[in-house]
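Asker:
Number of protein chains: 2
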Amino acid sequence: MIYLGIDVGGTSIKVGVIDGSGNLLIQGEAPTLVGRPFSEIIRDMGACALDVLERGGYAVSDVAAIGVGVPGVADQQTGMVVFCTNLGWHNVPLRTELQKHIDRPVFIDNDATVAGYAESVYGHGAGSHSSVFLTLGTGVGGGIVIGGRPWSGFHGVGSEIGHMPMDIEGEHCTCGNDGCLERYCSATAIIRMGRQAALQHPDSALYAACGGNVDKIEAKTVIDCAKDGDDTAMKVFRRYVNYLCMALDGIIVFLDPEVIILGGGVSKAGNFLLNAVRERLKDYILFKDLPYSRVEIARLGANAGMIGAAMLGKKFVEEA
Amino acid sequence: MIYLGIDVGGTSIKVGVIDGSGNLLIQGEAPTLVGRPFSEIIRDMGACALDVLERGGYAVSDVAAIGVGVPGVADQQTGMVVFCTNLGWHNVPLRTELQKHIDRPVFIDNDATVAGYAESVYGHGAGSHSSVFLTLGTGVGGGIVIGGRPWSGFHGVGSEIGHMPMDIEGEHCTCGNDGCLERYCSATAIIRMGRQAALQHPDSALYAACGGNVDKIEAKTVIDCAKDGDDTAMKVFRRYVNYLCMALDGIIVFLDPEVIILGGGVSKAGNFLLNAVRERLKDYILFKDLPYSRVEIARLGANAGMIGAAMLGKKFVEEA
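Protein chains in written order, with numbering that gives the first Met the number 0: chain A, 0 to 319; chain B, 0 to 319.
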C-alpha cells in the first residue's frame, strides 16, 4: 500500500506518494492561490494528488490513507479545518470536500505537528518515545509527539510553541500578546536584532555584507558573518542562542521530551547552531546532574510536511 | 484490596490507606526530621504504614501496592529517588529500603505529579483525558496527566512548571535562572507584591491589616483585603491574576490539556480567584473562538498527595 501526504501552505500545495517506511516515492506541486473559494483549492489538491498517482503508475485503490497538514487547527473527529489564518479558512469541511475528488480515508492535523511527527519517526527522533519539533522560521511552529503519537492538544489548539509567553512586557506579537517566544527565537528575531546591530556598528562586517542597506540583512547574513568571526554578528548570534536556550529549557522543565528537534530556516546553520545551543543550554538546566532532552537538527527538510502527513494517515488508518 | 499512599515532605511523612475508588479510609503521620540518614526516614515511613494498617485492621497482605510521592525526581524503573533537595537525597534506593520494612510493590513519583493525578482522577478533572495541576504555594509545582497517565517527562525532570521562563531579565530565582514562572505565580509573589504595595500606600486597608508591619502580610492578607474592596490589595491581586493567566495561556498554547486545576495555598481564595482567572484568561487566548482548557480549583486539598500516590500504585500494579 501507499500513502498520500499533502502539505498545504499559503503559497503551494505539495503532494507526495510515500511508502510504508516513510520514503518519498514521487511528488507534485500546485499553487494554492489563496483568496479563492476553499472548494477550488481542495479541488486542486485532489487534482494534484491524482496527477501524482498517475505519473507514479499507481491506482487510487493503492492509497491506504491520505494525510493532510494544514497551517492551522484541525478537528480529527469531523475532518474539519477549524481555523487557518494563512488560508483564510474557518470551519472548512476538508475531509468531505477532498473525498469528492479522491475517495480514500483522510486524516488532518497541523503542519508543524505532522512535520514533527515525521522527524520523530524517520529523522533524528527515530524510535524515540517523545519529541518536540520546532520550526525556527518567520515565526516559530511546534510539533509534539508523546508515546509515539502526535499531540496537538485536547482541543487541537496546543503545540503553538511560538506563542508561549517568554517576556512579561516584551516585544509585541502579531497575535495580540506581548513577549511571545517567536519574537525572540524566530528567523525574524535574528533579522531584527541583526539590522539594529549593523546600524549601531557601521564598521562591522555585518554592515559591509549588506552594502550598508540593512534591510537586506537576512538570518543567513547574520549567521554567515558570525561564522566568519565578525564581532557584531557574533553578539547577535549569541543573544539569539541565549533566547533559544531559555525556550528549550522551558520545554524541558515542562514536558521533558526524549528529544528536541530544531527545524525551519535557522536550523540550516547546522552544527554551528547545534554546538552553540548544546553548550549554552547546560547553564539553564534545572537539574544539572541529571539527563535531559537530546537536542538535534531536523533531517527531513522541506519534505517533512508531506512525509509526516502521510505517516499520520498510515498510523490512524491502521488504528481505525 | 487496599492501597497505601505515602506523601513525604520536608516536615512530615503522611500515610493513608486508600480503597480502589480513591477513598481515604484511615491515615497517620510522623515527623520527617530532615538531616537523618535516609534509612531512618524510610524506616519511619514503614513503621507509620504498619501502624496505620494495624489501626485500620488490615494485614500487609491486603496491600496491593504502595505509592510514594516525593518532592523531587524519581526513577520509576529502578525505584530510586534520584534527586530531592528538601530531603537532601541523592540516588536513594527508596523502593528497596522501604520493602525491607513492608514487602509490597512500591511505585514512586514526584509529589506534585501524584497530587495532580489524584485531582485528575477523583477531583474536578475526573474522567478527563489530560490535565495540568498547579500548586500555587511557596513555589509553583506542577503535575501533568496525559491520556490518563501521570507524566513527569521522559527523564523524569519535567512538570517543573514553576521554573518555566516567563520574563527574560526578570526576578532572580533560587534555581539560578532569572524570571522563572514561580517568581510571579506563587504565594510568595503575592506576598512580595503585597508588602511593596502596602509600604507605598500607608493609607490602604492592606497596610492597616498588618498593623503597619508589612512583614506580617501573607497571601491571605492580600486576598482578604482585595475581597473587601481595598484598592491597593485589589491592584496586587489583579497583577497576580495577570501573571497567572499568562502562565495558564503558556500551558494552553503548548499542551492544551482538557483541564487545568489550581491547587496550593493561593487556591484557597476559591471562586474569587477562579472567576477573576476565567475572565482575564480570555484576553490571552490565541484562538479566541475555539474551545480551550477548562480551569478549576483543586478539590482534594492536603490529601491529594496520599490519594494520588496510592492511585499511582494501583495503576502501575494493575499494568505490571
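All residues carry an ideal CB built from backbone N, CA and C; glycine is no exception.
If you follow the beta strand (DSSP E) that F132 of chain B is in, where does it begin and where does it stop?
Answerer: From DSSP, the beta strand (DSSP E) with F132 of chain B extends over 129 to 135.
Asker: Is the shortest distance between the beta-carbon of N176 of chain A and the beta-carbons of chain B less than 7 Å?
Answerer: So yes, N176 of chain A belongs to the interface.
Asker: Are the C-beta atoms of H154 of chain B and some chain A residue less than 7 Å apart?
Answerer: It does: the Cβ of H154 of chain B has a partner Cβ on chain A nearer than 7 Å.
Asker: Using a Cβ-Cβ distance cut-off of 7 Å, determine whether Y239 of chain A contacts chain B.
Answerer: Chain B, which has no Cβ nearer than 7 Å to the Cβ of Y239 of chain A, makes this no.
Asker: Between the C-alpha atoms of L32 of chain A and D6 of chain A, what's the straight-line distance to the nearest angstrom?
Answerer: Spanning the two alpha carbons is a distance of roughly 14 Å.
Asker: Taking Cβ positions only, does F106 of chain A come closer than 7 Å to chain B?
Answerer: No, F106 of chain A does not count as interfacial toward chain B.
Asker: Taking Cβ-Cβ distances shorter than 7 Å, what residues in chain B pair up with Y283 of chain A?
Answerer: Correct list: N176.
Asker: How about F82 of chain B: is its C-beta nearer than 7 Å to some C-beta of chain A?
Answerer: Yes, its Cβ sits closer than 7 Å to a Cβ of chain A.
Asker: I want to verify the contact list: residues of chain A whose CB lies under 9 Å from the CB of G255 of chain B, in sequence order.
Answerer: At residue 255 of chain B the sequence reads Asp, which differs from the Gly that was named. Near D255 of chain B (Cβ distances below 9 Å), the residues of chain A are W150, S151, G152, F153, H154, G155, V156, G157, S158, E159.
Asker: For Q26 of chain B, report the span of its beta strand (DSSP E) as first-last.
Answerer: Here the beta strand (DSSP E) through Q26 of chain B covers 23 to 30.
Asker: Comparing alpha-carbon positions, which option in B:F82, B:S11, B:K215, B:S60 lies nearest A44 of chain B?
Answerer: It should be pointed out that residue 44 of chain B corresponds to Met in this sequence rather than to Ala. The shortest Cα separation from M44 of chain B among B:F82, B:S11, B:K215, B:S60 belongs to B:S11.
Asker: Among B:V62, B:D202, B:F82, B:P290, which has the Cα closest to the Cα of D248 of chain B?
Answerer: Considering only alpha carbons, the answer is B:P290.
Asker: Of all Cβ atoms in chain A, is any one closer than 7 Å to the Cβ of V252 of chain B?
Answerer: By this cut-off, V252 of chain B is an interface position.
Asker: Just to make sure I have the definition right: I need the residues of chain A whose C-beta is within less than 7 Å of the C-beta of H162 of chain B. Which are they?
Answerer: Under the 7 Å cutoff, chain A gives V252, L285.
Asker: Whole angstroms is fine: what's the gap from V258 of chain B's alpha carbon to D102 of chain B's?
Answerer: Computed Cα separation, rounded: 37 Å.
Asker: Using a Cβ-Cβ cut-off of 7 Å, state whether I259 of chain A counts as contacting chain B.
Answerer: No, its Cβ sits nowhere closer than 7 Å to a Cβ of chain B.
Asker: Considering S11 of chain B, what are the terminal residues of the beta strand (DSSP E) in which it resides?
Answerer: Where S11 of chain B is concerned, the enclosing beta strand (DSSP E) stretches over 11 to 17.
Asker: Work out the CA separation of I260 of chain B and S127 of chain B for me, nearest whole Å.
Answerer: In a straight line, the C-alpha of S127 of chain B is about 11 Å away from that of I260 of chain B.
Asker: When burial is assigned at 16 or more other CB atoms within 10 Å of the CB, is N274 of chain A buried or exposed?
Answerer: Exposed, since its Cβ has fewer than 16 Cβ neighbours within 10 Å.
Asker: Can you tell which of A:N270, A:K281, A:F315 has its C-alpha closest to the C-alpha of A297 of chain A?
Answerer: Comparing Cα-Cα distances from A297 of chain A to each of A:N270, A:K281, A:F315, the minimum goes to A:N270.
Asker: Between which two residues does the beta strand (DSSP E) harbouring Y2 of chain B extend?
Answerer: Where Y2 of chain B is concerned, the enclosing beta strand (DSSP E) stretches over 1 to 7.
Asker: Compare the Cα-Cα distances from I330 of chain A to each of A:G211, A:I65, A:E53 and report the closest residue.
Answerer: Chain A is shown from 0 up to 319; residue 330 of chain A falls before or after that span and cannot be answered.
Asker: Quick one: residues in its chain with C-beta nearer than 6 Å to the C-beta of F106 of chain B, no 5 flanking neighbours on either side, listed in chain order?
Answerer: Closer than 6 Å at the Cβ level, and outside the excluded window around F106 of chain B, lie G66, L311, G312, F315.
Asker: Opposite H89 of chain B in the DSSP bridges: which residues?
Answerer: BP columns for H89 of chain B point to B:F82.
Asker: List, in order along the chain, the chain B residues whose C-beta lies closer than 9 Å to that of I189 of chain A?
Answerer: The contacting residues do not exist; I189 of chain A stays about 16 Å from chain B at best.
Asker: Can you grab the Cα-Cα spacing for the pair G19 of chain B / Y2 of chain B, in whole Å?
Answerer: Rounded to the nearest angstrom, the two C-alpha atoms are 7 Å apart.
Asker: Which word fits R237 of chain A, buried or exposed, when buried means at least 16 other C-beta atoms lie within 10 angstroms of its C-beta?
Answerer: That one is exposed.
Asker: The alpha helix (DSSP H) that contains A309 of chain A, what's its start and end?
Answerer: Run containing A309 of chain A: 303 to 318, per the alpha helix (DSSP H) assignment.
Asker: Go ahead and pull the three-state DSSP assignment for F286 of chain B.
Answerer: Correct three-state label for F286 of chain B: coil.
Asker: What separation, rounded to the nearest whole angstrom, lies between the Cα atoms of C174 of chain A and D74 of chain A?
Answerer: Going by the C-alpha atoms only, they are around 21 Å apart.
Asker: With a cut-off of 7 Å, does the C-beta of H128 of chain B fall near any C-beta of chain A?
Answerer: At least one chain A Cβ lies under 7 Å of H128 of chain B.
Asker: Quick check on H171 of chain A: does DSSP put it in helix, strand or coil?
Answerer: Here H171 of chain A sits in strand by DSSP.
Asker: Show which residues of chain A have a CB atom less than 9 Å away from the CB atom of Y116 of chain B.
Answerer: Simply none; closest approach about 16 Å.
Asker: Provide the residue span of the beta strand (DSSP E) that contains G71 of chain A, from first to last.
Answerer: It is not in any beta strand (DSSP E) - G71 of chain A carries neither H nor E in the DSSP assignment.
Asker: Are D166 of chain B and I41 of chain A touching if we call contact CB-CB under 7 Å?
Answerer: Not a contact, by the Cβ cut-off of 7 Å.
Asker: Residues in its own chain within less than 7 Å of A308 of chain B by CB, not counting five upstream and five downstream?
Answerer: Cβ within range, chain order: G4, I5, D6, G66, V67, G68, V113.
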